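Chemist:
Residue numbers (our numbering), protein chains in the order written: chain B, 1 to 178; chain W, 1 to 158.
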């Protein structure tokens with residue numbers, strides 16, 4: 001119980017602040033709470049299949065397979081696969097972080113994890129179709145064409161900025177996260 | 001719509017897995033739950049903050065700030081707004097279309113969309129939990145700067 005309170009203390013504090021806000025400014029507070037309710041509904045809709053797929057991936061796909069396709073020495077194949085998996089995803093970016101943790105556990109190369117993260121954030125296929133519909137093909141295609149090299153360059157840049165030790169620590173931590 | 005596809009894939013694979021190995025399937029579900037519960041406190045904080053932010057920043061407020069004549073100053077403001085808000089794509093794109101109709105510029109909208117999708121200030125606590133501070137800061141900062149390039153090129157092309 002004590003542990004539970006400790007883990008959720010920031011949530012409880014934020015909730016309390018929100019309720020106080022509602023007392024002082026009813027309109028704004030209620031609006032914020034109703035948007036929060038919508039977001040939780042959306043999260044509950046999107047998140048379950050992602051985590052189920054994650055669990056299945058963790059149990060069924062051996063580490064060796066993941067290393068072969070996306071690990072050190074996976075080359076262009078690994079890059080393309082990372083872009084593809086990230087682009088096929090659904091849901092907001094924070095859904096990608098737990099996936100990245102499982103990738104770390106399975107020995108996926110760090111630059112490929114960053115590419116996957118970049119693709120998830122901005123080149124998602126369903127979103128791309130939606131973007132064409134709302135903002136026009138010229139806008140959407142131009143953005144896609146800049147984003148793909150951009151994602152790869154950013155991934156390699158971050159990878160270079162981190163020391164081997166820092167990346168190893170991150171991978172060690174990912175093992176404790178499930 | 002795409003959540004239906006995801007549910008179908010997850011459902012079919014789960015059934016297949018169950019017939020192949022009940023014990024492993026149970027383990028997979030246990031892992032799924034643990035991974036979710038592990039991040040739930042951070043998720044909840046983020047969602048509350050987003051609710052608060054969206055209550056303050058509505059479409060009218062945003063279009064007032066990033067009009068077509070606002071130039072690079074508008075691009076910077078659009079990037080900042082995009083970075084701190086977290087709006088799902090199927091809301092963001094139609095909103096962006098409305099903003100364009102109401103006088104926002106393509107360059108500013110490109111910066112807004114790009115940072116909205118790639119930079120997540122409110123989700124940083126979650127990201128740090130997985131990637132650590134340095135990597136998180138580097139990723140968000142590079143994505144923020146990259147969005148200016150996106151805005152610049154969109155402005156030339158569209």
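Virtual Cβ for every residue (Gly too), placed ideally from N, Cα, C. What you are looking at is a predicted structure, and each value in this text was computed from that prediction instead of being measured.
Of the residues that make up the segment 114–142 of chain W, which ones have a beta carbon closer than 9 Å to any beta carbon in chain B?
Modeler: Listed by position along the chain: 114, 117, 118, 119, 120, 123, 125, 126, 127, 129, 130, 131, 132, 134, 135, 138, 139, 142.
Chemist: What's the gap between the Cα of residue 112 (chain B) and the Cα of residue 119 (chain B)?
Modeler: Within the first chain, numbered from 1, the residue matching residue 112 (chain B) stands at position 112. Within the first chain, numbered from 1, the residue matching residue 119 (chain B) stands at position 119. Rounded to whole angstroms, residue 112 (chain B) to residue 119 (chain B) spans 10 Å at the Cα level.
Chemist: Please classify residue 25 (chain W): is it buried, with 16 or more other beta-carbons within 10 angstroms of its beta-carbon, or exposed?
Modeler: The residue you call residue 25 (chain W) lines up with position 25 of the second chain. So residue 25 (chain W) counts as buried.
Chemist: Whose Cβ in chain B lies nearer than 8 Å to the Cβ of residue 49 (chain W)?
Modeler: Along the second chain, one-based indexing puts residue 49 (chain W) at 49. Those are 14, listed as they occur along chain B.
Chemist: State buried or exposed for residue 60 (chain W), treating a residue as buried only when at least 16 other CB atoms are found within 10 Å of its CB.
Modeler: As a working note, residue 60 (chain W) is residue 60 in the second chain. So residue 60 (chain W) counts as exposed.
Chemist: Within this structure, are the beta carbons of residue 7 (chain W) and residue 49 (chain B) separated by less than 8 Å?
Modeler: In the second chain, residue 7 (chain W) corresponds to position 7, counting from 1. In the first chain, residue 49 (chain B) corresponds to position 49, counting from 1. Cβ atoms of residue 7 (chain W) and residue 49 (chain B): closer than 8 Å.
Chemist: If we ignore side chains and look at the alpha-carbon of each, how far apart do residue 146 (chain W) and residue 15 (chain B) end up?
Modeler: As a working mapping, residue 146 (chain W) is identified with position 146 in the second chain. As a working mapping, residue 15 (chain B) is identified with position 15 in the first chain. Cα to Cα, residue 146 (chain W) sits roughly 34 Å from residue 15 (chain B).
Chemist: So, helix, strand or coil for residue 88 (chain B), using DSSP?
Modeler: Taking the first chain and counting its residues from 1, the one referred to as residue 88 (chain B) is at position 88. Coil at residue 88 (chain B), not helix or strand.
Chemist: Going along the chain, which residues of its own chain have a beta-carbon closer than 6 Å to the beta-carbon of residue 151 (chain W), five neighbours each way excluded?
Modeler: Locating residue 151 (chain W) in the second chain gives position 151, where the first residue counts as 1. Once the five neighbours on either side are set aside, the close Cβ partners of residue 151 (chain W) are 75, 107, 110, 111.
Chemist: Whose C-beta lies closer than 6 Å to the C-beta of residue 18 (chain W) among residues of the same chain, with five residues either side of it excluded?
Modeler: One-based indexing of the second chain puts residue 18 (chain W) at position 18. Closer than 6 Å at Cβ, skipping near neighbours: 25.
Chemist: Name the chain W residues whose beta carbon is nearer than 9 Å to that of residue 170 (chain B)?
Modeler: Residue 170 (chain B) sits at position 170 when you count from the first residue of the first chain. Within chain W, the residues near residue 170 (chain B) are 130, 131, 132, 135.
Chemist: Using the DSSP secondary-structure output, state which residues sit across from residue 95 (chain B) in a beta bridge.
Modeler: As a first step, residue 95 (chain B) must be located in the first chain, where it is residue number 95. For residue 95 (chain B), which the question treats as bridged, DSSP gives no partner whatsoever.
Chemist: Under 8 Å between beta-carbons, which chain W residues line up against residue 134 (chain B)? List them in chain order, please.
Modeler: Indexing the first chain from 1 puts residue 134 (chain B) at position 134. Simply 93, 94, 96, 97.
Chemist: Would you report the Cα separation of residue 141 (chain W) and residue 80 (chain W), rounded to the nearest angstrom?
Modeler: The sequence position of residue 141 (chain W) within the second chain is 141, counting from 1. The sequence position of residue 80 (chain W) within the second chain is 80, counting from 1. Using only the alpha carbons, I get a separation of about 11 Å.
Chemist: At 7 Å on the CB atoms, spell out the chain B contacts of residue 154 (chain W), in chain order.
Modeler: Here residue 154 (chain W) refers to the residue found at position 154 when the second chain is read from its first residue. Simply 139, 142, 143.
Chemist: I'd like to know if residue 150 (chain B) contacts chain W, where contact means its C-beta is closer than 8 Å to some C-beta of that chain.
Modeler: By one-based count along the first chain, residue 150 (chain B) stands at place 150. With 8 Å as the cut-off, residue 150 (chain B) counts as an interface residue toward chain W.
Chemist: With respect to the alpha helix (DSSP H) encompassing residue 21 (chain W), which residues constitute its N-terminal and C-terminal limits?
Modeler: By 1-based counting over the second chain, the position of residue 21 (chain W) is 21. Run containing residue 21 (chain W): none; DSSP gives neither H nor E here.
Chemist: Checking contacts by CB at 8 Å: is residue 55 (chain B) closer than that to chain W?
Modeler: Position 55 of the first chain holds residue 55 (chain B). Chain W contact via Cβ: present.
Chemist: Ordered along the chain, which non-local residues of its own chain (more than five positions away) have a Cβ less than 7 Å from that of residue 147 (chain B)?
Modeler: Position 147 of the first chain, counted from the start, is the residue given in the question as residue 147 (chain B). Excluding positions up to five away in sequence, the list reads 122, 123.
Chemist: Give me the DSSP bridge partner(s) of residue 155 (chain B).
Modeler: Here residue 155 (chain B) refers to the residue found at position 155 when the first chain is read from its first residue. Partner(s): none; residue 155 (chain B) has no beta bridge.
Chemist: For chain B, check one thing: does any of its Cβ atoms lie closer than 8 Å to the Cβ of residue 81 (chain W)?
Modeler: Indexing the second chain from 1 puts residue 81 (chain W) at position 81. No, residue 81 (chain W) does not count as interfacial toward chain B.
Chemist: Counting only runs of 4+ residues fully inside the segment 23–49 of chain W, write out the alpha helix (DSSP H) ranges in chain order.
Modeler: The segment 23–49 of chain W contains no whole alpha helix (DSSP H) run of 4 or more residues.
Chemist: Give the secondary structure of residue 82 (chain W) by DSSP, where H, G and I count as helix, E and B as strand, and everything else as coil.
Modeler: On the second chain, residue 82 (chain W) is found 82 positions in, with the first residue counted as 1. Of the three classes helix, strand and coil, the one that applies to residue 82 (chain W) here is helix, per DSSP.
Chemist: Using C-beta distances below 7 Å, list every residue in its chain close to residue 69 (chain B), excluding the 5 sequence neighbours before and after it, in chain order.
Modeler: Working through the first chain from its first residue, we reach residue 69 (chain B) at position 69. So the qualifying residues of the chain are 77, 78, 81.
Chemist: Please classify residue 67 (chain W): does DSSP put it in a helix, a strand, or coil?
Modeler: Position 67 of the second chain, counted from the start, is the residue given in the question as residue 67 (chain W). Note: residue 67 (chain W) maps to strand in three-state DSSP.
Chemist: In chain order, what residues of the same chain lie with their CB nearer than 8 Å to the CB of residue 61 (chain B), ignoring the 5 residues before and after it?
Modeler: In the first chain, the residue the question calls residue 61 (chain B) occupies position 61. Taken in chain order, the residues that qualify are 106.
Chemist: Please confirm if residue 27 (chain W) has its CB atom under 8 Å from at least one CB of chain B.
Modeler: For this step, residue 27 (chain W) is matched to residue 27 along the second chain. Interface residue, yes.
Chemist: Hey, how far is the Cα of residue 37 (chain B) from the Cα of residue 31 (chain B)?
Modeler: Within the first chain, residue 37 (chain B) is the residue found at index 37, counting from 1. Within the first chain, residue 31 (chain B) is the residue found at index 31, counting from 1. In a straight line, the C-alpha of residue 37 (chain B) is about 10 Å away from that of residue 31 (chain B).
Chemist: To the nearest whole angstrom, what separates the beta carbons of residue 8 (chain B) and residue 41 (chain W), a pair I think is in contact under 8 Å?
Modeler: Counting from 1 along the first chain, the entry for residue 8 (chain B) is found at position 8. Counting from 1 along the second chain, the entry for residue 41 (chain W) is found at position 41. 5 Å between Cβ atoms; contact.
Chemist: Along the alpha helix (DSSP H) that carries residue 173 (chain B), what are the first and last residues, could you check?
Modeler: Taking the first chain and counting its residues from 1, the one referred to as residue 173 (chain B) is at position 173. Unbroken alpha helix (DSSP H) run through residue 173 (chain B): 164–176.
Chemist: Give me the DSSP bridge partner(s) of residue 55 (chain W).
Modeler: If you number the second chain from 1, residue 55 (chain W) lands on position 55. According to DSSP, which records beta bridges pairwise, residue 55 (chain W) is partnered with nothing at all.
Chemist: By the 10 Å Cβ neighbour count, where 16 or more other Cβ atoms means buried, how is residue 48 (chain W) classified, buried or exposed?
Modeler: As a first step, residue 48 (chain W) must be located in the second chain, where it is residue number 48. Classification for residue 48 (chain W): buried.
Chemist: By how many angstroms is the C-alpha of residue 55 (chain W) removed from the C-alpha of residue 21 (chain B)?
Modeler: Position 21 of the first chain holds residue 21 (chain B). Position 55 of the second chain holds residue 55 (chain W). Rounded to whole angstroms, residue 21 (chain B) to residue 55 (chain W) spans 12 Å at the Cα level.
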